[in-house]
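K.L.:
Shown below is the structure under consideration.
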Amino acid sequence: MEVILMKELLGANDELAAKNRDYFRRRHILAVNLMGSPGSGKTTLISAVAKELGGLRTGVIEGDIASSIDAERMEREGIRSSQINTCGECHLDANVIRQGADRIDLKDAVVFIENVGNLICPAEFDLGESVRLLAASVPEGDDKPLKYVPMFSCVDAVALTKCDLTEAVGFEKQKFLKGLRAVSQAPVFEVSLKKGCPARGVKAVAGWLKKKYEALEKV
404 MEVILMKELL GANDELAAKN RDYFRRRHIL AVNLMGSPGS GKTTLISAVA KELGGLRTGV
464 IEGDIASSID AERMEREGIR SSQINTCGEC HLDANVIRQG ADRIDLKDAV VFIENVGNLI
524 CPAEFDLGES VRLLAASVPE GDDKPLKYVP MFSCVDAVAL TKCDLTEAVG FEKQKFLKGL
584 RAVSQAPVFE VSLKKGCPAR GVKAVAGWLK KKYEALEKV
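With the first letter of the sequence shown counted as 1, position 149 gets the number 552 in my numbering; the numbers rise by one all the way through.
Set out below in structure tokens:
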């Protein structure tokens, strides 16, 4: 019986991720690996941030275990999208990302990769992305940075979503920030996208992404 070790799988994935990174570089694409739990507000965040990116082209590679609900939503909002169904797998990997990127076929753009909702597995798999952004929602609790260290320590920024629910769920922001600072120095953007209320924090996230895009090497 042949036993395949996890490090062998990750090694093969890393080789494909390097090819993806070169693909995005040659096409002048900022690839944003957006991770977070199910229901953390990833899709809503993409929708709002894309509108704030002004004249920049945007696209989305949607990762879900099943359905095309999120990709269809993005298409209705005018964002070019590609749906990847993992059929039970708890994360996207580098192999499927190239397929999704080819389908949306963009250059000079910001491409969001909405990973499968999970705070564990996606942290381990390099997709060839330019940056990693985590959507961590207030209802999930203020102790998550210390419970899911691999995830919180591997991201370039954290969008703290659903901040309008802070008082309702007893979320302690300082406790969350203290836990985060124990494992990461990533900037935190406080976001609220409650329907019927002014959006909060979206411009800050979009501004951060614009700076990352402007810093890309022009090939």
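All residues carry an ideal CB built from backbone N, CA and C; glycine is no exception. Keep in mind the model is a prediction, meaning the values are calculated, not measured.
(1) So, for Lys597: in the same chain, excluding its five sequence neighbours on each side, which residues have a beta-carbon less than 7 Å away from its beta-carbon?
(2) Quick check on Val435: buried or exposed, where buried means 16 or more other Cβ atoms within 10 Å of its Cβ?
(3) So, at 8 Å on beta carbons, what are the nonlocal neighbours of Val586 in its own chain, with the 5 sequence-adjacent residues on each side left out?
(4) From the DSSP secondary-structure annotation, give me the bridge partner or partners of Glu455.
(5) Quick check: the region 430 to 450 against the region 538 to 547, are there 3 or more CB pairs under 8 Å?
(6) Run the CB neighbour count on Pro525, radius 10 Å, all protein chains shown included, and call it buried at 16 or more, exposed below.
(7) Apart from the five residues on each side of it in sequence, which residues of its chain come closer than 6 Å, Cβ to Cβ, to Ile507?
(8) According to the neighbour-count rule (16 or more other Cβ atoms, all chains shown, within 10 Å of its Cβ), is Ile487 buried or exposed?
(9) So the alpha helix (DSSP H) Thr569 belongs to, where does it begin and stop?
(10) Measuring alpha carbon to alpha carbon, tell me which of Cys493, Asp511, Arg429, Glu480 ends up nearest Ile523.
(11) Go to Ser556, then tell me how far its alpha helix (DSSP H) extends in each direction, as first and last residue.
(12) Excluding five sequence neighbours on each side, which residues of the same chain lie with their C-beta closer than 6 Å to the C-beta of Glu405?
(13) In chain order, what residues of the same chain lie with their CB nearer than 6 Å to the CB of Arg501, ignoring the 5 residues before and after it?
(14) Select from Arg460, Ser533, Arg476 the residue whose C-alpha is nearest the C-alpha of Leu509.
(15) Quick one: measure Cβ to Cβ for Val513 and Leu612, integer angstroms, because I've assumed they're closer than 8 Å.
(16) For Glu517, which residues does DSSP report across the bridge?
(17) Would the region 591 to 606 count as touching the region 463 to 481 if we require 3 or more Cβ pairs under 8 Å?
P.N.:
Let me spell this out:
(1) Asp567
(2) buried
(3) Pro548, Leu549, Val552, Phe555, Ser556
(4) Partner(s): none; Glu455 has no beta bridge.
(5) yes
(6) buried
(7) Gly462, Arg483, Ser485
(8) buried
(9) 569 to 572
(10) Cys493
(11) 552 to 557
(12) No answer about Glu405 holds up, because its pLDDT of 45 lies below 50 and its placement is not dependable.
(13) Asn423
(14) Arg460
(15) 6 Å
(16) Leu437, Glu465
(17) no
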